[in-house]
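**Q** One structure coming up, written as structure tokens, with questions to follow.
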Amino acid sequence: MFLRELIQPLNELRGVGSSVQCRLNDAGITTIASLLTRYPRDWEDRSAFAPIKDWAKGQVCTTASVTAHSWFSFGRKKTLKVYIEDQSARATLVCFNRPFLQSRLPIGKEVRIWGRFYYKFGEIMSTSFEIENPGSKSAIMPVYPLTKDLNQNLLRRLVQQALDLYGTNLENELPQKIINKEQLLKKADAVKAIHFPPSMEILEKAKSTLIYEELFYLEIMVGRRSLERRKGVTPNIISPSPVPVSPLQQHLIERLPFTLTPGQEKAIKEINDEMSGSRPLARLLQGDVGSGKTLVAFLAALRAVDEGGQAAIMAPTELLARQHADNAARLLEPLGVRPAYLTGNLKYSGRTQLLKNLAAGEVDIVLGTHALFSKDVVYRNLRLVVIDEQHRFGVTQRQAIIAKGQNSQQRKTTPDLIMMSATPIPRTLALTVFGDLDITVISDMPPGRKPVKTHLSKESNAQKVYDFVRKELESGRQAYFVYPLIGNGSEESTNEPAADNDGLKDAVSMSEKLAKKIYPQYSTALIHSKIDDEEKRKTMEAFRKGEIRILAATSVVEVGVDVPNASCMVIHHAERFGLSALHQLRGRVGRGSDQSYCFLIYSDQEDQPGINPEELSEEERSREGKRLMVMLENSDGFVIAEKDLIFRGPGQIAGIEQSGYLKLGIADPVRDADALVRARAGAFSILETDPGLLQDEHRCIADVLNRSPPFSEVAL
Ligand code: ADP
Ligand code: MG
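All residue numbers for the sequence shown refer to the numbering used here, where the first residue is 24 and numbers rise by one.
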């Protein structure tokens, strides 16, 4: 029997009538299995001796004798007090609702007591204590996560009973050879010990066993997807001699005014090797903002074109897609390649013609938003899909893309796939969520970049920031000002109610103020997601040309925008942005060789009408400070993302929560990164070398795989 096969209802346990059952159900506990997998959130070590006089250290765990009884009453209700004494001190047990303790604790009796005590009216007292018989071996007790209607004792009793009835025959869910290799406990022992550990050492073993098991199954699913994607294709034999760059690639590289960075070289080499192999390429290309990923995407696209195929490069916003299209026109058209720009907003007639050209293979590289994959778009031979800023896209969009490739007119196989991300996903999480992708990291920057100087400033000191920016403008540079709101209380990302937006600056009214009051001598423009596409494009173009000097914006400028002459990034209400978003915004400057600056302006809590400073705990206040300090101390996007994770928790990392992979009970892929790496190796080795074993010996793995959705239904 596997643990999760224990689907018996809870009323098989003594003491579970319909009312208790209801309360358990409300807490999500419906079967024996769900009871036993409600793991403790903590454990109380009652095996360590702790005399009464040390009550303040947290717990008392001692042998004491009963010295006296007395009663006191509130109204009609009488309550028993039992006086005890150990070799260190005296104490009083207040026995609310437990009059029966009078006979269980007669004067003179020796008992083992465990409890939490406090000091009041000159006495050391406890209302929450437990009595054990003197000979009983005191144990480590589980502390369960509770709901309003459940108490510790009830859960402890039920779990103990369930373990006695069902716990001994639990089958292992991990292959024996992995249990041996990893020195894990048997499943039955691990489950027993996670609830009632005989010692702290064994508790640790039980934890690592169950954590490993969860991560193992996570990686089994990930590995299975990877196998399925490669199914039916002969394994890639990477030729021993390096794959040469293709003619178009060579041509572009020669025309560039700079040389590729080592990171770009490495990325291209890996992509070339795999594109010439026989299994579809699937790679996550990570590189910090400004590391030059676009160029790598273009080079990959050129290889696809050299091989007679088409490439699609998708960006999350019109703004970014447009910028890519402009770059493609500038860099690729001179090579004789035919790029095109496709968005949802394209005028009807132009669009029809473009779709015809795509279907006829008269467009080689198409750049656009997710409109690239709408129903009416047909490709002749889609060879490569590049998804820029992949975290911005949802799971379903990614699926539509893959399906599109499989339905090209000429080519029925999966296209090569490159996902690019500048929101660095820490390696540990990347392994979990994109575990079936290969990962390339561009870890260097084009030469000559100076790190952006970052300053924190209170709202009340904003004037100083404005003055500083003025000097930069005077010397010919440009500046971004970013606000959390568009205007009239509408937020760029719509997940927060307008109601708590009181007192926040918005892009619309601030652009007025910047243009009329603060910098009247310089041209200012406004950009946000609700502005018409064509106007946005014109604005960006003018900003790139330097005709517009100041851009007031929302976080739409977060991704990808590239204007090397801009040297100042001013972010108002920085406390409203995630660290990774701040890092992205900061990455908009520092793209040339001159010094650039980033100002994080945060609201003084006292000035903010919506927030009562009294209500913020000291911790919350210092937490915010600490969070923004991370930006001052770090310029490496990976480090910042790791810290973001600590502040926000893994589920919050963009895009991952939708994937649903992280519904783990006891494992935490970030905390348990080491175990994750081992579990991944274990899972992949089983999948790759023992597929036959899955049927019989590894019934559990087979079972999990059968019940889990197939690859086509899950995210990439
Ligand atoms: P990101 O990785 O953030 O998407 P981009 O692709 O937008 O970065 O590149 C940022 C800037 O760096 C662009 O202006 C691009 O032309 C420039 N760039 C790219 N590669 C190099 C290189 N090898 N040397 C110098 N500049 C480069
Ligand atoms: Mg980019």
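From the three backbone atoms N, C-alpha and C, an ideal C-beta is built for every residue, glycine too.
Every value quoted in this text rests on a predicted model; they were computed, and no experiment measured them.
Kindly confirm or deny that the region 612 to 621 and the region 476 to 490 touch, where touching means at least three C-beta pairs closer than 8 Å.
**A** yes
**Q** Across which residues does DSSP place Q501 in a beta bridge pair?
**A** A589.
**Q** Return yes when at least one heavy atom of ligand 2 lies under 7 Å from the C-beta of A352, else no.
**A** no
**Q** Ignoring anything shorter than 3 residues, give me the beta strand (DSSP E) runs that lie fully in the region 314 to 370, in order along the chain.
**A** Runs found: 333 to 337 and 362 to 365.
**Q** Considering V165, what are the terminal residues of the alpha helix (DSSP H) in which it resides?
**A** It is worth fixing the name first, because residue 165 is Pro in this sequence and not Val. Here P165 belongs to no alpha helix (DSSP H); instead the beta strand (DSSP E) covers I163 to V166.
**Q** Return helix, strand or coil for Q309, following the three-state DSSP convention.
**A** strand
**Q** Just list the alpha helix (DSSP H) runs in the region 188 to 219, keeping only unbroken ones of 4 residues or longer that don't cross its boundaries, in chain order.
**A** 199 to 205 and 210 to 218
**Q** Could you give the residue range of the alpha helix (DSSP H) that holds A575?
**A** Careful: A575 lies outside any alpha helix (DSSP H), inside the beta strand (DSSP E) at I573 to A576.
**Q** So who's on the other strand from E133, going by DSSP bridges?
**A** In DSSP, E133 forms a bridge with S88.
**Q** Please confirm whether L29 and Y240 have their CB atoms less than 8 Å apart.
**A** no
**Q** Just checking D387 against ligand 1 - is the residue's beta carbon closer than 7 Å to any of the ligand's heavy atoms?
**A** no
**Q** Are the beta-carbon atoms belonging to A305 and L440 less than 8 Å from one another?
**A** A contact, by the Cβ cut-off of 8 Å.
**Q** L113 bridges to which residues according to DSSP?
**A** Position check: residue 113 holds Arg in this sequence, whereas Leu was assumed. DSSP output for R113 lists E108 as bridge partner(s).
**Q** Once DSSP output is grouped into helix, strand and coil, what is the label at E224?
**A** helix
**Q** Around the C-beta of Q309, are 16 or more other C-beta atoms found within 10 angstroms, so that it is buried, or is it exposed?
**A** buried
**Q** For T740, is the beta carbon positioned less than 7 Å from some heavy atom of ligand 2?
**A** Residue 740 lies beyond the stretch modelled for the chain, which goes from 24 to 739, so this question has no answer here.
**Q** Are three or more beta carbon pairs between the region 535 to 545 and the region 608 to 617 nearer than 8 Å?
**A** no
**Q** Determine the direct distance from the alpha carbon of R247 to that of L699, and round the result to whole angstroms.
**A** 16 Å
**Q** Using the rule of at least 16 other Cβ atoms within 10 Å of the residue's Cβ for burial, across every protein chain shown, is D49 buried or exposed?
**A** exposed
**Q** Output the distance between the C-alpha atoms of P270 and D329, rounded to the nearest integer angstrom.
**A** Going by the C-alpha atoms only, they are around 7 Å apart.
**Q** Here's a check: name, in chain order, each residue in its chain whose Cβ is nearer than 7 Å to the Cβ of G688, leaving out the five neighbours to either side.
**A** T60, Y62 and E237
**Q** Rounded to whole angstroms, how far is the Cβ of T437 from the Cβ of I509, which I believe are closer than 8 Å?
**A** About 39 Å separates the two Cβ atoms, so there is no contact after all.
**Q** What are the partner residues of P21, as DSSP defines its beta bridges?
**A** Since the first residue of the chain shown is 24 and the last is 739, residue 21 is not available in this structure.
**Q** Can you tell me whether Q272 sits near ligand 1, meaning its C-beta is under 7 Å from at least one heavy atom of the ligand?
**A** no
**Q** Hey, would you say the C-beta of D296 is under 7 Å away from at least one heavy atom of ligand 2?
**A** Not so, every heavy atom of ligand 2 lies at least 7 Å from the Cβ.
**Q** Assign I234 to buried or exposed, taking buried as 16 or more other Cβ atoms, counted over all protein chains shown, within 10 Å of its Cβ.
**A** buried
**Q** Since T463 is in the beta strand (DSSP E), which residue starts that stretch and which ends it?
**A** D461 to I465
**Q** Name the residue from Q376, I462 and L358 whose alpha carbon lies nearest to the alpha carbon of Y364.
**A** Taking only the C-alpha atoms, the option nearest Y364 is Q376.
**Q** Report whether the distance from the Cβ of K473 to the nearest heavy atom of ligand 1 is below 7 Å.
**A** no
**Q** Hey, would you say the C-beta of R306 is under 7 Å away from at least one heavy atom of ligand 1?
**A** no
**Q** Leaving out five residues on either side along the sequence, give the residues of the same chain with a beta carbon under 8 Å from the beta carbon of F119.
**A** T102 and T150
**Q** Is it the case that the Cβ atoms of D556 and E341 are separated by a distance below 8 Å?
**A** Taking 8 Å as the Cβ cut-off, D556 and E341 qualify as a contacting pair.
**Q** Rounding to the nearest angstrom, what Cα-Cα distance links E242 and Q199 in this structure?
**A** 17 Å
**Q** Taking 7 Å as the cut-off, is the C-beta of T317 nearer than that to any heavy atom in ligand 2?
**A** yes
**Q** Is it buried or exposed for N635, if we count other Cβ within 10 angstroms and need 16 for buried?
**A** Any reading at N635 must be qualified, since the residue scores a pLDDT of 46, below 50, and its modelled position is unreliable; the value itself is stated next. The residue in question, N635, is exposed, as its Cβ has fewer than 16 Cβ neighbours within 10 Å.
**Q** How far does the beta strand (DSSP E) with S444 in it extend, from its first residue to its last?
**A** D439 to S444
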